[in-house]
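Just so you know, the sequence shown maps onto residues -23 to -1, 1 to 210 in mature numbering (1 follows the signal peptide of the UniProt record, and there is no 0).
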Amino acid sequence: MQSESASFFKLLVLLCLTVLCVAQDDFDFFYFVQQWPASYCDTKRSCCYPTTGKPAEDFSIHGLWPNRNDGSWPSNCKKDSSFDESEVSDLIRRMEKDWPSLSCPSSDGVRFWTHEWEKHGTCSLLNQRQYFQTALDLKQKSNLLQVLNDAGISPGDFYSLKSIKDAIEKGVGYTPFVDCNVDQSHNHQLYQVYLCVDSSSLDFIECPVFPHGGGCGSRIEFPSFSSSSHDEF
């Protein structure tokens, strides 16, 4: 009787672990998140340019994040899957350009990419090369800076939140979520743009759910990153 109970208990534990693993990997769509470098830098935490040099005045990738329709998300799904730079060696130049790290101290980006892969990429059902290649291609496909420029929205001025959202929706074809920060002069700034991608990571879709918050007023600043005021960082 004790042997049967022990066997049943082991089976129950194995089943629970299996369900947990499946649930951890399960997701419904991706958030593809891009950030505006001037807004990242224009906060109390400041920023540090990458060791490869100051990034271009363009949106950069923050991450490609698996998410669920109920607002939850999986993370760190494979503890034994570490970032391997050799897997993306032919993508490094594009990653340095389109996915730079602005955190301090200055770095070559590997620490940032490692974090994104281990926390989010391991839950994506993509291998490392597919994960980073997909994000780079989505940035090129969305082309946010050009989309905004085409609508007469350029860095260095204030715009209505509605006009920014409308421009992105018209240019990309889907409704974005816009996240703002507040600078030391208490201006709301365009900080991050979320777009949603289907779980096959091939196409943009309407977001099943938006993140909480956003922190944007009705009129927000699209700060310049080319001005000398940022070169002290």
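Every residue, glycine too, gets a C-beta built ideally from N, C-alpha and C.
Between PRO14 and SER78, the C-beta gap is not smaller than 8 Å, which leaves the two residues out of contact. If you ignore the 5 residues before and after LEU138, its C-beta comes within less than 6 Å of the C-beta of CYS193, SER195 and ILE197, all in its own chain and listed in chain order. Rounded to whole angstroms, the separation of the alpha carbons of THR99 and SER58 is 7 Å. With a threshold of 16 other beta carbon atoms within 10 Å, LEU179 falls short and is exposed. Its chain contains PHE154, VAL155, ASP156 and CYS157 as the residues whose beta carbon lies nearer than 8 Å to that of GLY191, once the 5 sequence neighbours on both sides are disregarded; these appear in chain order. Per the C-alpha coordinates, the member of VAL159, PHE135 and LYS116 positioned closest to CYS173 is LYS116. Residue range 37 to 44 is occupied by the beta strand (DSSP E) that includes TRP42. For the pair GLN12 and GLU34, the Cα-to-Cα distance works out to about 11 Å. In this structure, the straight-line span from the alpha carbon of GLN169 to that of ASN53 is close to 23 Å.
Cβ neighbours of SER83 within its own chain (closer than 7 Å, five residues either side excluded): CYS25, TYR26, PRO27 and THR28. Taking 8 Å as the cut-off, the beta carbon of GLN166 is found no closer than this to the beta carbon of PRO132.
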